[in-house]
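Chains as they are written, first to last, in my numbering: chain A, 1 to 121; chain B, 1001 to 1110.
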């Protein structure tokens, strides 16, 4: 059974940093691309970032480019999102999701339960 | 920028059929796969359609997806509506660089 468990969310001040983790199990982690999607309170889904199975290729939404870094540790079956220079509009639930083999041609097959990030002073 | 436009809300009675549209702003929506996600209140999204018209295991065949190139749109059709289908539905595709989500459609089953 595929399981994705996010952690690392919390309250952070504007300008601060936070690292989210997503522990994966139930599938061959290295084989699949992974992605982060967020949802601000009362709003729709917004794509944030994605990474290839090997970790060699990364993708970012313009809204987070230069501030967020996606990475993965295939030896630990874990996906990360390092978030720096956080702003109030980064406040959201952050979901990790398992993709297919390639980010460009696949959607999310499985989703985690999400981790809430609140940016406020 | 490529955008996907969905109706804000739709409503229908139990047992009926509803179709939710997702219209691409430019280019050809058929150029990249469209996915549909269901999100019930307070829950994470789940996938109900991938690669335009494929159902993940466990998703009932009451859910179907299609592409209409003439209107540059994708559609999610839910037949035999049940109260448990009441949720927000999002379409998603790829614009050559990034993922793009539609704004979401709130389905009310009443």
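All C-beta atoms in this analysis are idealised placements derived from N, C-alpha and C, irrespective of residue type, glycine included.
Note that the structure is predicted; figures quoted are calculated from it, not measured.
In this structure, the straight-line span from the alpha carbon of residue 94(A) to that of residue 40(A) is close to 9 Å. Look at residue 1066(B) here: in three-state DSSP terms it is strand. Legend: CB atoms of the region 1079 to 1103 of chain B lying less than 7 Å from CB atoms of chain A belong to residues 1090, 1092, 1094, 1098, 1099, 1101 and 1103.
In the three-state reduction of the DSSP assignment, residue 103(A) falls in the helix class. A distance below 7 Å between beta-carbons, with the five flanking residues on each side excluded, links residue 114(A) to the following residues of its chain, in chain order: 6, 93, 94 and 95.
Residue-level contact check: residue 28(A) does not touch chain B, since none of the beta carbons of chain B fall below 9 Å from its beta carbon. In summary, residue 81(A) is buried, with 16 or more beta-carbon neighbours lying within 10 Å of its beta-carbon over all protein chains present.
Within 8 Å of the CB of residue 105(A), the CB atoms of chain B belong to 1032, 1033 and 1094, in sequence order along the chain. Separation of the CB atoms of residue 1059(B) and residue 1086(B) is rounded to 16 Å, and the pair is thereby denied contact status at 8 Å. DSSP, reduced to helix, strand and coil, places residue 1085(B) within a helical segment of the structure shown. Taking 9 Å as the threshold, the shortest C-beta distance from residue 1060(B) to chain A does not fall below it. Sequence-distant Cβ neighbours of residue 89(A) in its own chain, meaning closer than 6 Å and more than five residues away, do not exist here. Chain order gives no chain A residues near residue 1074(B), where near means a beta carbon separation below 8 Å; the closest approach is about 12 Å.
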